[in-house]
Amino acid sequence: MRSSAEFVEILENYLKDKKISRRQFCAIVDIPNSTISSWKSKNVLPSIELVAKVAKFMNVSLDWLVYGEQFDNANEQNTLENPCSRKSILYRIEIVLRQNNQDYDYDIESLHQKYLSDIVDYEILANWVCGKANLPENVLPEIAKKLKVSLQWLLTKDEYHQENFDAFIYGLAKSYSGLLKGYDCLEKEDQKFIDNYIASKLELRQLKREKELNKQ
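Structure representation (structure tokens):
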């Protein structure tokens with residue numbers, strides 16, 4: 017757990033970066049002006065209710081603010097080289113924003129505020145990327161929808177090609193998922209027998225169709 021001095025230092029650095037005075041902060045969260053000094057001098061953390069107010073004000077999670085906890089392996093795996101990392105996801109969001117809107121003079125924060133602020137505050141997204149905040153489950157799906165990209169691509173960079181999608185086959189797969197799972201459990205020789213049987217049936221069906229067409 018962070019000490020009261022660490023807690024105050026984090027808050028003061030945040031206020032300094034945002035150019036917000038202590039007095040302004042205290043007025044916003046509705047606490048006495050002397051409160052922050054007392055946290056540090058008396059070496060006590062504020063109540064959980066007040067900590068929650070501070071976390072919300074800073075757009076960070078309670079776990080990070082109080083315990084310094086980040087998501088697993090944040091520093092090791094959160095790189096642009098890892099396509100599934102949070103940094104990579106934010107990078108893809110930035111790319112699509114620039115491609116879709118051609119606002120080359122805007123930085124990513126300005127682009128976000130202009131096109132995605134109705135979904136999530138940019139500071140929350142930035143804090144999520146570096147492990148300081150959590151995102152509601154609906155945020156990334158809504159961003160993908162707004163950017164007109166697949167959620168799969170946004171999260172993993174895996175390409176999805178619409179022309180490779182067969183709605184009829186997909187419908188059959190959903191309807192007969194139990195059979196598909198059963199097929200997957202068969203020995204290879206049994207699978208080969210079924211494959212050959214289906215192939216012969218499809219060939220016979222095609223011959224029948226061609227015969228019917230010739231009659232017409």
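So that you can map any letter, position 194 of the sequence shown is 210 in the working numbering, and since no number is skipped, the others follow by simple counting. All C-beta atoms in this analysis are idealised placements derived from N, C-alpha and C, irrespective of residue type, glycine included.
Nearest-angstrom Cα separation, counted from Met17 out to Pro48: Within the sequence shown, residue 48 is the residue found at index 32, counting from 1. Within the sequence shown, residue 17 is the residue found at index 1, counting from 1. A direct Cα-Cα distance of roughly 25 Å separates Pro48 from Met17.
Simplified DSSP state of Cys146, which is helix, strand or coil: By one-based count along the sequence shown, residue 146 stands at place 130. Here Cys146 sits in coil by DSSP.
Neighbourhood of Leu163 by C-beta distance below 6 Å, restricted to the same chain and skipping five residues each side: Within the sequence shown, numbered from 1, the residue matching residue 163 stands at position 147. Hits under 6 Å: Val112.
Enclosing alpha helix (DSSP H) for Pro3 [first to last residue]: A query on residue 3 cannot be resolved here, the shown segment of the chain reaching from 17 to 232 and no further.
Residue from Ala43, Pro62, Asn94, Ser101 whose Cα sits closest to the Cα of Lys173: Here residue 173 refers to the residue found at position 157 of the sequence shown. Out of Ala43, Pro62, Asn94, Ser101, Ser101 has the C-alpha closest to the C-alpha of Lys173.
Sequence-distant residues of its chain with Cβ nearer than 6 Å to His128 (five each side left out): Position 112 of the sequence shown, counted from the start, is the residue given in the question as residue 128. Taken in chain order, the residues that qualify are Tyr138.
6 Å Cβ shell around Leu106 - same chain, five flanking residues per side excluded: What you label residue 106 is simply residue 90 of the sequence shown in a count that begins at 1. Val145.
Opening and closing residue of the alpha helix (DSSP H) in which Lys30 lies: Numbered from its first residue, the sequence shown carries residue 30 at position 14. The amino acid at residue 30 is misidentified as Lys; the sequence shows Tyr. From DSSP, the alpha helix (DSSP H) with Tyr30 extends over 20 to 33.
Best match in Val165, Ser191, Lys231 for proximity to Gln115 [C-alpha to C-alpha]: As a working note, residue 115 is residue 99 in the sequence shown. Measuring from the Cα of Gln115, the nearest candidate turns out to be Val165.
Rounded straight-line distance, which links the Cα of Lys58 to that of Trp169: Locating residue 169 in the sequence shown gives position 153, counting from the first residue. Locating residue 58 in the sequence shown gives position 42, counting from the first residue. If you take the alpha carbons of Trp169 and Lys58, they lie about 50 Å apart.
beta-carbon Leu141 near the ligand GTP non-hydrogen atom, thresh 7 Å: Of the ligands one can find in the structure shown there are none, so the ligand GTP has no counterpart to examine.
Local Cβ density within 10 Å of Phe209, reported as buried at 16 or more and exposed below that: By one-based count along the sequence shown, residue 209 stands at place 193. With fewer than 16 Cβ atoms within 10 Å of its Cβ, Phe209 is classed as exposed.
Inter-residue spacing [alpha-carbon to alpha-carbon] between Asn230 and Ile159: Taking the first residue of the sequence shown as 1, we reach residue 230 at position 214. Taking the first residue of the sequence shown as 1, we reach residue 159 at position 143. Distance between the alpha carbons of Asn230 and Ile159: 52 Å.
Assigned secondary structure, Asp134 (DSSP; H/G/I helix, E/B strand, else coil): Start at 1 with the first residue of the sequence shown, and residue 134 comes out as number 118. Asp134 falls in the coil class under three-state DSSP.
Distance, Thr95 Cα to Val67 Cα: For this step, residue 67 is matched to residue 51 along the sequence shown. For this step, residue 95 is matched to residue 79 along the sequence shown. About 30 Å.
Cβ shell of Val45 (< 8 Å), same chain only, five flanking positions each side left out: If you number the sequence shown from 1, residue 45 lands on position 29. Correct list, in chain order: Leu66, Lys69, Val70, Phe73.
Buried/exposed call for Ser133, threshold 16 Cβ in 10 Å: On the sequence shown, position 117 is the one that residue 133 refers to. Its Cβ having fewer than 16 others within 10 Å, Ser133 is exposed.
Residue burial classification, Gly194 (beta-carbon count within 10 angstroms, cutoff 16): Here the question's residue 194 lines up with position 178 in the sequence shown. Gly194 counts as exposed, since fewer than 16 other beta carbons sit within 10 angstroms of its beta carbon.
Pair within 8 Å by beta-carbon distance, Ala149 and Ser77: Within the sequence shown, the letter at position 133 stands for residue 149. Within the sequence shown, the letter at position 61 stands for residue 77. A contact, by the Cβ cut-off of 8 Å.
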